[in-house]
Structures are given as structure tokens and as C-alpha cells.
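Step one of this worksheet: look at the structure below.
Rendered as C-alpha cells:
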């Protein structure tokens, strides 16, 4: 995941959107977590990271720009 982030600064959580469960096993693949072939995963920076972003007047970012440009918007 870190290779795809705009910034490697800070800590984050990923959650299964269906259950709200934090995906905290770094050793398992998405398939081993029963999230394949399709899943919606929520990404959120932890509170301390958001405080640091605000303190340093930084805008929180997620994916690297080239990945954001290739992403498809989900309908509202």
C-alpha cells in the first residue's frame, strides 16, 4: 500500500466497508482476508497523522497523482 500513497508520512487504517472491521493483519493478502475478487476498502489517516498535517499546513493526500488520474469515480 505504501508504494501507492501520495505521502509515506503518518499512519493509517484500512477497513472493510461492509463490516467496518479494521484490516490489521499485514501478513495476509486481500484474498486471504476474503476480500477478493471484489471489495470496497476504506482508507483513513489516523488522528495523530491528521493533527500533524494540520500543524504543518499540509493537505492530506491519498493516492499518488497518476493513480488518482486513472481511477474511476463511483456514482453518488
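In the numbering used here, the protein residues as written are 87 to 162.
Yeah, the Cβ is synthetic: ideal placement off N, Cα and C, and Gly gets one too.
Just so you know, these numbers come straight off a predicted model, no measurement behind them.
Checklist entry - Are the segment 97-105 and the segment 113-127 touching by the rule of at least three beta carbon pairs closer than 8 Å? => result yes
Checklist entry - If we ignore side chains and look at the alpha-carbon of each, how far apart do residue 150 and residue 93 end up? => result What you label residue 150 is simply residue 64 of the chain shown in a count that begins at 1. What you label residue 93 is simply residue 7 of the chain shown in a count that begins at 1. One C-alpha to the other measures close to 8 Å.
Checklist entry - So residue 96 packs on residue 138, CB below 8 Å; how close in whole Å? => result By one-based count along the chain shown, residue 96 stands at place 10. By one-based count along the chain shown, residue 138 stands at place 52. Residue 96 to residue 138, Cβ: 6 Å. Contact.
Next on the checklist: To the nearest angstrom, how far is the alpha carbon of residue 146 from that of residue 136?
Outcome noted: In the chain shown, residue 146 corresponds to position 60, counting from 1. In the chain shown, residue 136 corresponds to position 50, counting from 1. Per the coordinates, the alpha-carbon of residue 146 lies some 7 Å from the alpha-carbon of residue 136.
Checklist entry - Just the Cα atoms here: how many angstroms apart are residue 88 and residue 98? => result For the purposes of this step, residue 88 is identified with residue 2 of the chain shown, where counting begins at 1. For the purposes of this step, residue 98 is identified with residue 12 of the chain shown, where counting begins at 1. Using only the alpha carbons, I get a separation of about 10 Å.
Item to check | Three-way DSSP call (helix, strand, coil) for residue 109 in this model | outcome: As a position in the chain shown, residue 109 is number 23, starting the count at 1. Residue 109 falls in the coil class under three-state DSSP.
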